[in-house]
Structure formats: C-alpha cells, structure tokens
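Residue numbers (numbering that gives the first Met the number 0): 0 to 146.
Below is one structure; the comments refer to it alone.
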Amino acid sequence: MSHKVILLVEDNPDDELLALRALKKTGAENEVVVAHDGVEALDYLFASGPHSGRDPAVMPQLILLDLKLPKVDGLEVLRRLRSHERTRLLPVVILSSSREHQDLLDGYSLGANSYVRKPVNFEQFVMAVELLRRYWLVLNEDPPGAM
C-alpha cells in the first residue's frame, strides 16, 4: 500500500490525543497531519501561510474534520474544499460530537462523504477509527485522477 496521509482537523487536545492513540492502536502506519483550527487546515490543504513550502500536489487521502473549530468552523472548511477543483473530491469524514440535526444536514449538503459521531468510550472510538481508516484508505477506490 502506498504512503497515505490522514489530515486530522481537531481543536480539542483530548480528542486529538484520543484519535492519535486510536490510530496507533489499530496499527496504522499512515502519516497523520494535525490541524488545530480551520485556518490551519486550509493553509495545509492549499499550501499557504506556514505551509507555503509544502508540495501542493501531495494531498491527504482522508480528512477527519471536526465541526466546532476556532477561526474557521468545519462547515466553512468543507465549503471551501468543495469549491476548488483540486480539493473537491478529497474524502471528508466529519468526526464530531455534535448531535445537532442541522449539523448533519449541513455537512452532507456541503459534500461530506460521511458523518460519524465521536464515541465516548475509548474502545468504541478505536473501532470507529479503524473502520474509517480501513474503508477510506484500503477498500475505497478513489475517483480517477482525484489523488
């Protein structure tokens, strides 16, 4: 399997640590890039700001996106991703603790590929992360020319 990058967009340090531990526990060898707010995520994806030296052709194969982010919220990050040709087909899984019906509708309306509520229990979280990783990075076929 080729080198596949996961972009984790998460502002809560506890949830970030939980996600990283869950990925490690599943045996994932993927590089995980962490963005702590929406601006940092967009800078990484569009190779701007502090990421301006990054090769913009190298894109993550999976974005795990929280919704309640500082500076630019997750829905706006998703809106901007879907409005650019280079990023519009990137797999985006909203990984949020939000139980708001409108967040679910808005996420899918803006082009999220999936919406997963963060499990509270660590073992359930590990299982959810493993299923997401396996599906999106191993089983899923990317659209031709998307990556």
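C-beta atoms are modelled at their ideal positions from N, C-alpha and C, and glycine is treated no differently.
Asked, Found
"Close Cβ partners of E75 (< 8 Å) along its chain, the five nearest in sequence each way excluded", "G37"
"Cβ distance (whole Å) where L66 is taken to contact D72 below 8 Å", "6 Å"
"Supposed contact pair L89 and M58 - C-beta distance, whole angstroms, cut 8 Å", "6 Å"
"Cα-Cα separation, M0 to V137", "Its pLDDT being 41, under 50, M0 is placed unreliably in this model, and the coordinates cannot settle the point."
"Nearest-angstrom Cα separation, counted from L130 out to E99", "23 Å"
"Minimum C-alpha distance to S97 - residue among D141, L41, K117, R78", "K117"
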